[in-house]
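To start, the structure itself, in structure tokens.
Number of protein chains: 2
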Amino acid sequence: MPEIDPARLIGDLRRLAEFGRHGTGVHRLSLSEPDVAARHWLRDRMAEAGLEARIDGVGTVFGRSRARGPVLLMGSHSDTQPRGGWLDGAMGVIYALEVARAFAADPACAGLGIDVASWIDEESTFLGFLGSRSFVGELKPDEVARARSRDGVVLTDALERAGFAAQPPVRLEPGRYKGYLEAHVEQGGTLERTGKRIGVVTAIVGIRGGVLVFEGEQNHAGTTPMNLRKDAGVALVEFAHALRRAFEQTAGPHTVWTFGRIVLEPGSPSVIPGHAELTMQFRDPDTVRLDALSARLDALLAETNAAGPCRVVLTQPRRTEPAPMDAGFQDRIEQAGERRAPGLVARLHSAAGHDAMVLSRHMPSAMLFVPSIGGISHDVAEDTSEADLVLGCQVAADAAAAILKA
Amino acid sequence: MPEIDPARLIGDLRRLAEFGRHGTGVHRLSLSEPDVAARHWLRDRMAEAGLEARIDGVGTVFGRSRARGPVLLMGSHSDTQPRGGWLDGAMGVIYALEVARAFAADPACAGLGIDVASWIDEESTFLGFLGSRSFVGELKPDEVARARSRDGVVLTDALERAGFAAQPPVRLEPGRYKGYLEAHVEQGGTLERTGKRIGVVTAIVGIRGGVLVFEGEQNHAGTTPMNLRKDAGVALVEFAHALRRAFEQTAGPHTVWTFGRIVLEPGSPSVIPGHAELTMQFRDPDTVRLDALSARLDALLAETNAAGPCRVVLTQPRRTEPAPMDAGFQDRIEQAGERRAPGLVARLHSAAGHDAMVLSRHMPSAMLFVPSIGGISHDVAEDTSEADLVLGCQVAADAAAAILKA
Chain A
1 MPEIDPARLI GDLRRLAEFG RHGTGVHRLS LSEPDVAARH WLRDRMAEAG
51 LEARIDGVGT VFGRSRARGP VLLMGSHSDT QPRGGWLDGA MGVIYALEVA
101 RAFAADPACA GLGIDVASWI DEESTFLGFL GSRSFVGELK PDEVARARSR
151 DGVVLTDALE RAGFAAQPPV RLEPGRYKGY LEAHVEQGGT LERTGKRIGV
201 VTAIVGIRGG VLVFEGEQNH AGTTPMNLRK DAGVALVEFA HALRRAFEQT
251 AGPHTVWTFG RIVLEPGSPS VIPGHAELTM QFRDPDTVRL DALSARLDAL
301 LAETNAAGPC RVVLTQPRRT EPAPMDAGFQ DRIEQAGERR APGLVARLHS
351 AAGHDAMVLS RHMPSAMLFV PSIGGISHDV AEDTSEADLV LGCQVAADAA
401 AAILKA
Chain B
1001 MPEIDPARLI GDLRRLAEFG RHGTGVHRLS LSEPDVAARH WLRDRMAEAG
1051 LEARIDGVGT VFGRSRARGP VLLMGSHSDT QPRGGWLDGA MGVIYALEVA
1101 RAFAADPACA GLGIDVASWI DEESTFLGFL GSRSFVGELK PDEVARARSR
1151 DGVVLTDALE RAGFAAQPPV RLEPGRYKGY LEAHVEQGGT LERTGKRIGV
1201 VTAIVGIRGG VLVFEGEQNH AGTTPMNLRK DAGVALVEFA HALRRAFEQT
1251 AGPHTVWTFG RIVLEPGSPS VIPGHAELTM QFRDPDTVRL DALSARLDAL
1301 LAETNAAGPC RVVLTQPRRT EPAPMDAGFQ DRIEQAGERR APGLVARLHS
1351 AAGHDAMVLS RHMPSAMLFV PSIGGISHDV AEDTSEADLV LGCQVAADAA
1401 AAILKA
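Note that the protein sequences, when read in sequence, are chains A and B.
Here the numbering used here is used: position 195 in the first sequence is 195, and no number is missing along the way.
Convert by adding 1000 to the 1-based position in the second sequence; the result is the number in the numbering used here.
This is the structure in structure tokens:
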């Protein structure tokens, strides 16, 4: 089995975290100055590792193996959330680099290739999953042309300024890969709570939801009798209450749902709201379960509109399908984990989205999780013990070798 | 009975509405340029009517009768809501002026006095009920010193610029008045719905409420299992639902309650809210009923905090006591109404606050309502038919005479 170099791994993780360092975390939004600098640094590390390394037209850093094959694609993203964690995304990129280096140093891996990717903008500063979606050919040209950040920065301008715009895109070469392997911090507390050290991801959840818009009639909160009101705020509260009960009845063990935002308009203490909005989403790894939850939502929408007095519609619908991970790859990761950390491997789903979701639509894909301390994510307090970081990378290397030798 | 002059009444109402005219309504915030001009115009009309007229140190326009008495105080406010109606407040001021003129012209009213007031800032541009509270001596000096508008204009600066600051305040003279009578548009649709033309106000509602603040734990909407969440948004929804049920059981025929504003923080689709705020209020003309509603609210607060997982507290508590109107004055208004419009008089409470609420703490007080077309208020579309405006003023004059002759 290829042996990784723990000191080199931890050193590169710490070095990457210097780009955009923010306290104990990192603020490295896609195409910001520290992000562009980090991409150049990553390209140089990939080149040092013997890969054909370049930054493509959307900013993805890609290191292509010179091995004659078979080849496994590995990677994650090096852009971060605003004031995010140092490992979210970055860890999977450095794991991929370290595995490629371990393979190159191991005669038993001669001929086996690891391509290394740092997909750009998984965190959606401009356009979510921009790098991986560009790679697999799922991007529509006008999506890139129209994308802009919340601050109004136009994506194509930012690519121009970074010097990436003129570069050709990296595209998936049909037939090249045995599959895709992505390592990531768990971002939840399941591994920690259950005392496990390696997570084998079974599926990435599907996400559905949108913004429920309630229309009533704005009026004076003193002089309008209760029985004459069309109160959009009350309609929202009653809908949310009923939806919660319906979801509780229909939920599976992995279902989660969230009311993230409520707005009443005009939002004054003495005015009956004429307009209200409820932003909601629900997630499950299983499409059948998502369909059952959708059916409850649809039924409640119909009931509410039939009963009145307010109207409600679902706007800005969101729908991401669950992404099941490859069963054979899962077994390989589990076996590799059990060899290095007997009894400390668990299967679990990913409740957050990852580039592997995009890749899994085009090739067998899998994910390996390491524990997040306290389950904290998208925060500068996100962390994982060095021992777990080293173990996770070694298991990834072992699993990659097993997949390529299978 | 003193006879009013319909043409003079309507003419002055229309002339006053020219100050700050905004489409079919008026935008005449306290101490704005059109408001100051309207105050000078009102003072001149009061002087013409034979009253000792002046503008006092907070901007109230006051016309003191020279009659030897007894004296009735009449008035309302001439400041308006932003883009408000032309009659809200203004009508009660011009009614008072017209009644004073009708008394002066009627030998049968010789010796009977009508003092006329246009109280400043009922609509709370700087400090709600500033004029009437100053008159009865309820203002604390630092309230005036600290008051500023939402735009940051300091009240004392605005009084200085208007040229009012150096004037002495008008103060209630003990023993001078038989009481206070205020006419106002209904601001609701009760008179119109029931086909009545004169409303006799039984009481002005009390108002209670505040901002309910829920504290939970902000977390990732995907990776946090439902049973580990402390979701402040869900706590708010369930609280609002339960409070609505409790209030429905406890409410009287005149109770209204309103959820005017909801905020979830941070307010992102994929983040479990760690903090949530619900702005609520309830109104009733009866203190016993308000106490019963408060008890339900307190019980639910205790239950929720005992059950967890989120904490909830009531902040920014608001409490205005109900103001019952004088029973004898109510009878006089009803009798006057029945004489001029038999069968078209109704008793009803006021669900909005008025200067009469302040005055009623210091002398017998009463209010007379005229119908609002479509129940519309605080909007440029607010209106009342000319026939109702004339009838209302005549009934006010008759009632004033009956009160003073009693």
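Glycine is no exception: its CB is placed at the ideal position from the N, C-alpha and C atoms.
Boundaries (first-last residue) of the alpha helix (DSSP H) holding residue i
{"i": "Q335 of chain A", "result": "A327 to R340"}
{"i": "L1290 of chain B", "result": "T1287 to A1307"}
{"i": "L1212 of chain B", "result": "Per DSSP, L1212 of chain B belongs to no alpha helix (DSSP H); it is in the beta strand (DSSP E), G1206 to E1215."}
{"i": "H1365 of chain B", "result": "Checking the sequence, you will find Ser at residue 1365 of chain B rather than His. Per DSSP, S1365 of chain B belongs to no alpha helix (DSSP H); it is in the beta strand (DSSP E), S1365 to V1370."}
{"i": "A396 of chain A", "result": "E386 to K405"}
{"i": "L1097 of chain B", "result": "A1090 to A1105"}
{"i": "F1135 of chain B", "result": "L1130 to V1136"}
{"i": "I10 of chain A", "result": "P6 to E18"}
{"i": "R1161 of chain B", "result": "L1155 to A1162"}
{"i": "E1122 of chain B", "result": "From DSSP, E1122 of chain B is part of no alpha helix (DSSP H); its letter is neither H nor E."}
{"i": "H27 of chain A", "result": "That residue, H27 of chain A, is in no alpha helix (DSSP H); it is neither H nor E in DSSP."}
{"i": "R1045 of chain B", "result": "E1033 to E1048"}
Enclosing beta strand (DSSP E) for residue i [first to last residue]
{"i": "Q316 of chain A", "result": "R311 to T320"}
{"i": "R1064 of chain B", "result": "V1061 to R1064"}
{"i": "H184 of chain A", "result": "Y177 to V185"}
{"i": "M1280 of chain B", "result": "H1275 to D1284"}
{"i": "W1257 of chain B", "result": "V1256 to E1265"}
{"i": "R193 of chain A", "result": "Looking at the DSSP string, R193 of chain A is not in any beta strand (DSSP E); the run it does join, the alpha helix (DSSP H), is T190 to T194."}
{"i": "E1052 of chain B", "result": "E1052 to I1055"}
Beta-carbon separation (whole angstroms), residue i vs residue j, contact threshold 8 Å
{"i": "L1112 of chain B", "j": "P1169 of chain B", "result": "Not a contact, Cβ separation roughly 26 Å."}
{"i": "L87 of chain A", "j": "G199 of chain A", "result": "Not a contact, Cβ separation roughly 14 Å."}
{"i": "S1076 of chain B", "j": "L1016 of chain B", "result": "In fact, because the Cβ distance is near 12 Å, the residues do not count as touching under 8 Å."}
{"i": "V1211 of chain B", "j": "T1315 of chain B", "result": "5 Å"}
{"i": "P2 of chain A", "j": "A397 of chain A", "result": "5 Å"}
{"i": "L391 of chain A", "j": "R197 of chain A", "result": "6 Å"}
{"i": "H349 of chain A", "j": "V256 of chain A", "result": "Not really, about 11 Å apart at Cβ, beyond 8 Å."}
{"i": "R1064 of chain B", "j": "I1055 of chain B", "result": "In fact, because the Cβ distance is near 13 Å, the residues do not count as touching under 8 Å."}
{"i": "G233 of chain A", "j": "P269 of chain A", "result": "Between P269 of chain A and G233 of chain A the Cβ distance is about 12 Å, and since that is not below 8 Å, they are no contact."}
{"i": "A1049 of chain B", "j": "A1104 of chain B", "result": "7 Å"}
Min CB distance residue i to chain B below 8 Å
{"i": "G375 of chain A", "result": "yes"}
{"i": "L264 of chain A", "result": "yes"}
{"i": "E215 of chain A", "result": "no"}
{"i": "P273 of chain A", "result": "yes"}
{"i": "M226 of chain A", "result": "yes"}
{"i": "E238 of chain A", "result": "yes"}
{"i": "G85 of chain A", "result": "no"}
{"i": "G209 of chain A", "result": "yes"}
{"i": "A7 of chain A", "result": "no"}
{"i": "V153 of chain A", "result": "no"}
{"i": "F369 of chain A", "result": "no"}
{"i": "A346 of chain A", "result": "no"}
{"i": "A381 of chain A", "result": "no"}
{"i": "A351 of chain A", "result": "yes"}
{"i": "G267 of chain A", "result": "yes"}
{"i": "T24 of chain A", "result": "no"}
{"i": "Q281 of chain A", "result": "yes"}
{"i": "G188 of chain A", "result": "yes"}
Cutoff 8 Å: residue i Cβ touching any chain A Cβ
{"i": "G1308 of chain B", "result": "no"}
{"i": "S1270 of chain B", "result": "yes"}
{"i": "V1312 of chain B", "result": "no"}
{"i": "A1221 of chain B", "result": "yes"}
{"i": "V1256 of chain B", "result": "yes"}
{"i": "F1259 of chain B", "result": "yes"}
{"i": "G1233 of chain B", "result": "yes"}
{"i": "H1027 of chain B", "result": "no"}
Bridge partners - residue i, DSSP secondary structure assignment
{"i": "F239 of chain A", "result": "Note: F239 of chain A sits in no beta bridge, so no partner."}
{"i": "G199 of chain A", "result": "A:A346 and A:F369"}
{"i": "G1075 of chain B", "result": "B:A1117"}
{"i": "V1271 of chain B", "result": "B:H1220"}
{"i": "R1148 of chain B", "result": "B:V1154"}
{"i": "P1324 of chain B", "result": "B:A1203"}
beta-carbon residue i near the ligand GDP non-hydrogen atom, thresh 7 Å
{"i": "P322 of chain A", "result": "This structure simply doesn't include the ligand GDP, nor any ligand for that matter."}
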